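These notes concern the structure reproduced below.
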Amino acid sequence: MRLDFFLPFLRRTNKTWQPTPPGWVSRMLRKIIPASWQSDSIQAKPGLFRRVLKKIGPTWQSAPARRAVQGVCFVLFFIFFFWFCWPYSAEPGAKVALPDGTLVISHHAENRAAKELVPAESFLAIDPLVSISTAIASRTWVWSLAWAAVMLVICVIFPRGFCGYLCPLGTLIDVFDWAIGKRVERFQIKHDGWWVHLKYYILTGVLIAAMCGVLLTGFVAAIPVITRGFLFMLSPLQMGAARGWHQVPPMNAGHIVSIILFAVVLALGFFRPRFWCRYVCPSGAVFSVFNFWRVGERKVESSCIKCNKCVEICPFDAIKPDFTTRTADCTLCQTCGGVCPTHSIKFVDRWNLTDLKKENDPPTHEMPLARRGFIGGIAAGAAAFLGMRTVGGAAAGPVPVRPPGSLPEPAFLQACIRCGECFKACPNNVLQPMGFGQGLDNLWTPQVVANWSGCDPSCNNCGNVCPTGAIRALPLIEKRSAKMGLAIINEKTCLPHAGKEACQMCVDECTIAGYNALEFVRVGIEVDKDGLPVEGTGFAAPVVLGDKCVGCGLCQSRCHHINVLEKGLLKESAIIIEAGPGKDDRIFSGSYVELRKRDMEQAEEKRKTQKR
Amino acid sequence: MVRNCLVAAVFAIAFSAFTAESVTRSIAEVDKLIATDGATTPPWFDSVKLNFPPTLNLTWEKPKQKEPWTPSKYISQYVWSVINENPGRWREGLKLLYHVYDLNKNDAEKSVTSMRAIARNYQFLQQDPARAAYWWKKSGIEKSDDPSDEVDLANCYFALGNKEFPRKLLNDIGKDESRHGETIKLWADIGDYDKALSVAKIKIEEDSNPDIGYLMAGETCRMMGNYKDAISHFEKVIAMDDKKAGRDIKQSKNRARGSLEAVKLYESLDLTKIPDGTYLADSTGYSGNIFLSVTVKAKKIEAIKVVKHTEKQYYGSLTDTPAKIISKQSVKGIDSFSGATITSEAIINATAKALAKAVK
Chain A
1 MRLDFFLPFL
11 RRTNKTWQPT
21 PPGWVSRMLR
31 KIIPASWQSD
41 SIQAKPGLFR
51 RVLKKIGPTW
61 QSAPARRAVQ
71 GVCFVLFFIF
81 FFWFCWPYSA
91 EPGAKVALPD
101 GTLVISHHAE
111 NRAAKELVPA
121 ESFLAIDPLV
131 SISTAIASRT
141 WVWSLAWAAV
151 MLVICVIFPR
161 GFCGYLCPLG
171 TLIDVFDWAI
181 GKRVERFQIK
191 HDGWWVHLKY
201 YILTGVLIAA
211 MCGVLLTGFV
221 AAIPVITRGF
231 LFMLSPLQMG
241 AARGWHQVPP
251 MNAGHIVSII
261 LFAVVLALGF
271 FRPRFWCRYV
281 CPSGAVFSVF
291 NFWRVGERKV
301 ESSCIKCNKC
311 VEICPFDAIK
321 PDFTTRTADC
331 TLCQTCGGVC
341 PTHSIKFVDR
351 WNLTDLKKEN
361 DPPTHEMPLA
371 RRGFIGGIAA
381 GAAAFLGMRT
391 VGGAAAGPVP
401 VRPPGSLPEP
411 AFLQACIRCG
421 ECFKACPNNV
431 LQPMGFGQGL
441 DNLWTPQVVA
451 NWSGCDPSCN
461 NCGNVCPTGA
471 IRALPLIEKR
481 SAKMGLAIIN
491 EKTCLPHAGK
501 EACQMCVDEC
511 TIAGYNALEF
521 VRVGIEVDKD
531 GLPVEGTGFA
541 APVVLGDKCV
551 GCGLCQSRCH
561 HINVLEKGLL
571 KESAIIIEAG
581 PGKDDRIFSG
591 SYVELRKRDM
601 EQAEEKRKTQ
611 KR
Chain B
1 MVRNCLVAAV
11 FAIAFSAFTA
21 ESVTRSIAEV
31 DKLIATDGAT
41 TPPWFDSVKL
51 NFPPTLNLTW
61 EKPKQKEPWT
71 PSKYISQYVW
81 SVINENPGRW
91 REGLKLLYHV
101 YDLNKNDAEK
111 SVTSMRAIAR
121 NYQFLQQDPA
131 RAAYWWKKSG
141 IEKSDDPSDE
151 VDLANCYFAL
161 GNKEFPRKLL
171 NDIGKDESRH
181 GETIKLWADI
191 GDYDKALSVA
201 KIKIEEDSNP
211 DIGYLMAGET
221 CRMMGNYKDA
231 ISHFEKVIAM
241 DDKKAGRDIK
251 QSKNRARGSL
261 EAVKLYESLD
271 LTKIPDGTYL
281 ADSTGYSGNI
291 FLSVTVKAKK
301 IEAIKVVKHT
311 EKQYYGSLTD
321 TPAKIISKQS
331 VKGIDSFSGA
341 TITSEAIINA
351 TAKALAKAVK
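Order-wise, the sequence lines are chains A and B. The opening residue of the first sequence carries number 1 in my numbering; numbering runs sequentially from there. The opening residue of the second sequence carries number 1 in my numbering; numbering runs sequentially from there.
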């Protein structure tokens, strides 16, 4: 089995040397590319195709197929993030029927579903560390485990192919290194050092923490890192330019820390290109571990002249000093294949033993895995577990209002990978990442900020882009029944309740949204000497119907924007969403519509027993 | 804000302004309609569930002197505060009143109270004049000593297409001694504007509630299309000294302000009177004020530009609503942009305000 598709080094064919027969990719390319662009292999004159690639760069010249796949995946990542998750392409119009027949708006849900030809969170789903660590931490099946399994199976044939071909973070690092990193020389280091196996120690630490029930993966796994980086650095630019700068939510310390971490990941490129991918990335470490079961492998034939070109160009430091392969690190990117002047490198099945080069010639001294490193990793994982539970902690501050359809709280924190997809997909930034205010446990997890905006009744985006199911993916009808919290009116400050002036914005909002959970009661009525109410006196004040309120926050949002910010009548909104037992629906499985039905049946029973 | 004032005013004089039927009926025909249709229950009646707080006293117990307002206990207060305020509860309110009527059939006085409560629900909430009239009659309102008690019944006859009954009653009543000016309003509703204005004049000069007189005169002029006089009447109410005016002066002023704004902003707007220029105004939108500049040239609205806004979910309303206003050359009858109603309304309001400023 041959897996070659690099562009072989152009060498004159003669009696002593014949190139290897072209693989099917080469044969297909030779049919597609016009003859005038192809190289003359007899005279070793490069054709237009090669000349253009050479201009772009050496890695393009040697493995253009790999660069092409990388480019496509990079563009796809941008499309998924900046288009699929961009909710503002939705325009009102679409409607869907509730069980009782009422039509309600559904344009956000339908717009996203129509755009998502493949799930927007696909890259997060194929990062196996995301689903594996989440499954361990929450002790449940996570849907993206199936995707991870498929990816790992593919990577058995193309070991660590994810890193070489698909990972958008890797491609971004390549771009950064080419543009900036490689041009600054003073921090560059050689290969060998204590850091070469760092990724395994980090992976150990993360898995230990997960076994203790603490999910740290989001800090260090590849795709969450790039998703969050884009979210905090680029998404505000998209929002500001397209919708207006007033729509960009304010940043907190958590944003800054995430941006710094992302900058550090890229800045590692000053030490060595793709430093992160080679030595640090724990997602890569998962693939490296699975390389144990690889089918494909890079092999070197005895015709090797030890020119060192392959070692110098390998993006993953996967070639030993004796020019054979570090099989745990090789991603089959095939960049080495195209620079080998003697065509000694081949990508075949691992059981192919034909004509192999002698090993350990020159002698290699591989850095062994250090026991210290693993102990350090375990200790770090355990320390993080203890730290998360004690520093700050959820006790400080009100119970955060979570997105609709969130798992019950301890499980939510164990399943939320803090990737940032839900924030991106949420229209009007209702969901915002928590900062350090309520402990490290809550850092970068989503909460509903009802002062900023209310949860759109036509939208079910958050659950449908969550890669782990921390927010359950719900159909719109279910989402509309899923309680996030309960609206509580402060009767001392609410303008009509306090007898100050008429105001009914919250009631109007709730009615327009179709929840009808706010109704009026007339208060402050003046009574004449006969004890009869004087018409027109008093104010129509809002009352929350607890069985209908889902805690969407549209009411709080309006009161805050107009009464607090615009008119300065109040210091804070007079109607505030609160979460907690009895106020929100946090279930692992099952229908929220059914929950409401059961609630109504219980209420009806109670009413029947009370009637005289 | 305009919306709130309008709601308050409309509710008070709710019934009379609605479906004046285009059919004309004689008193005998209306009587027959009342006796047949009016005696039945509405088609939806059986499907509505009986629902009320368990703390409610169902025997019309009267609140004591100086007792605080307790809608959870007293039916009349419950109806006033909870049922009337919420259209979603109007039907279950009616069901409750039927239930209370059943429970109190043996007490003559409580029976009448129940029947009149049912009549009010039919008239002002369900907008059902035939059934309302049936229950007014059943409660014996026609035998009342004071003819002005029958004004509500007369409104039912008018709604069912008869002007003779109301006219006869109003002539019997003579002056307006009603609390909110219902008598004058009914004159205006049946089209006798001159009569309405003369009764209003008497109210202004002789009654202890002259503010009501001015208010009703204003509403009458408004109905006639005489916006100039309507505005001056409303302004008189607003300028009144609270001590010299009637017991409901605060409410009258609110009603006057609401009506004044509506007339000025929408009904009396005449583009031919606006000089060329660019006018600025703002109005409360969804998340804050929307600031507009309106350019008028050669008696036409030439351009409307949103100068500043903090709206979030606005879809296309910021361009669509101004375009609609310009193409219609009016602020009346403009459809809101679907999904951005409040933003659209704010743009319409701000445009109307800007133009109203220009006329001054």
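Glycine is no exception: its CB is placed at the ideal position from the N, C-alpha and C atoms. As the structure is a computational prediction, the values presented were derived from the model and not from experiment.
Counting along the chain, the unbroken alpha helix (DSSP H) around Leu237 of chain A starts and ends at Ser235 to Arg243. Sequence-distant partners of Pro362 of chain A (beyond 5 residues in either direction) whose C-beta falls short of 8 Å from its own C-beta, in its chain, are Lys306, Pro321 and Asp322. Flagged as an interface residue toward chain A: Tyr315 of chain B, by a C-beta distance shorter than 7 Å. Approximately 7 Å separates the beta-carbon atoms of Thr335 of chain A and Cys314 of chain A; this is inside 8 Å, confirming the contact. Pro87 of chain B sits exposed, since fewer than 16 C-beta atoms from the chains shown fall within 10 Å of its C-beta. Put simply, the backbone Cα of Leu318 of chain B is about 20 Å away from that of Gln238 of chain A. Burial of Ile231 of chain B is indicated by the presence of at least 16 other C-beta atoms within 10 angstroms of its C-beta. Contact residues of the segment 564-594 of chain A toward chain B are Leu565, Glu566 and Lys567 (C-beta to C-beta distance below 9 Å). A residue is called buried when at least 16 other Cβ atoms come within 10 angstroms of its Cβ; Met216 of chain B meets this threshold and is buried.
Using beta-carbon distances, Trp90 of chain B does not count as an interface residue toward chain A, since no partner is under 7 Å. Look at the beta carbons and you see the segment 348-357 of chain B touching the segment 263-275 of chain B: at least three pairs across the two are nearer than 8 Å. If only uninterrupted beta strand (DSSP E) runs of at least 3 residues are considered, those enclosed by the segment 527-600 of chain A are 539-544 and 575-578. For Ala473 of chain A, the secondary structure class from DSSP, reduced to helix, strand or coil, is coil. By the Cβ rule, the segment 157-170 of chain B does not count as touching the segment 57-73 of chain B, because fewer than three pairs are nearer than 8 Å. Annotated as proximal: Pro467 of chain A and Ser144 of chain A, with beta-carbon spacing under 7 Å. Separation of the CB atoms of Val142 of chain A and Gly463 of chain A is rounded to 14 Å, and the pair is thereby denied contact status at 8 Å. Contact check between the segment 413-423 of chain A and the segment 224-232 of chain A: three or more CB pairs, one atom from each, fall below 8 Å, which counts as touching.
It is roughly 19 Å from the alpha-carbon of Glu578 of chain A to the alpha-carbon of Met505 of chain A. Proximity to Asn209 of chain B across B:Ile190, B:Val237 and B:Trp90 peaks at B:Val237, based on C-alpha coordinates. Residues of chain A whose Cβ lies closer than 8 Å to the Cβ of Asp320 of chain B do not exist, since the nearest Cβ in that chain is about 11 Å away. Burial state of Lys137 of chain B is buried, judged by a 10 Å Cβ sphere holding 16 or more other Cβ atoms. In this structure, Arg350 of chain A sits away from Glu409 of chain A, with a CB-CB distance that is not shorter than 7 Å. Residue state for Phe323 of chain A is assigned as coil, using DSSP reduced to three classes. By the neighbour-count definition (other C-beta atoms within 10 Å, threshold 16), Phe158 of chain B is a buried residue. In the DSSP assignment, Gln432 of chain A falls within the unbroken beta strand (DSSP E) covering Leu431 to Pro433. For the C-beta of Asn51 of chain B, the chain A residues within less than 8 Å are, from N- to C-terminus, Arg607. Within chain A, the C-beta atoms nearer than 9 Å to that of Asp248 of chain B come from Val534, Glu535, Gly536 and Thr537, in chain order. The C-beta of His108 of chain A comes no closer than 7 Å to any C-beta of chain B. In the DSSP assignment, Val307 of chain B falls outside any alpha helix (DSSP H) and lies within the beta strand (DSSP E) extending over Lys300 to Lys308. DSSP places Pro58 of chain A inside the alpha helix (DSSP H), whose first and last residues are Pro58 to Ser62. The residues Lys424, in chain order, have a CB closer than 7 Å to that of Ser235 of chain A in the same chain once the five nearest residues on each side in sequence are set aside.
Of A:Tyr88, A:Asn352, A:Val295 and A:Lys358, the smallest CA-CA separation from Thr324 of chain A is found for A:Lys358. Put simply, the segment 291-309 of chain B does not touch the segment 237-248 of chain B. Fewer than three CB pairs are less than 8 Å apart.
Each residue's CA atom was taken as its position, placing Ala340 of chain B and Asn451 of chain A some 19 Å apart. For Asn86 of chain B, the nearest CB of chain A lies under 7 Å from its own CB, placing it at the interface with that chain. Against chain A, the CB of Lys308 of chain B has no partner CB under 7 Å away; the residue lies outside that interface.
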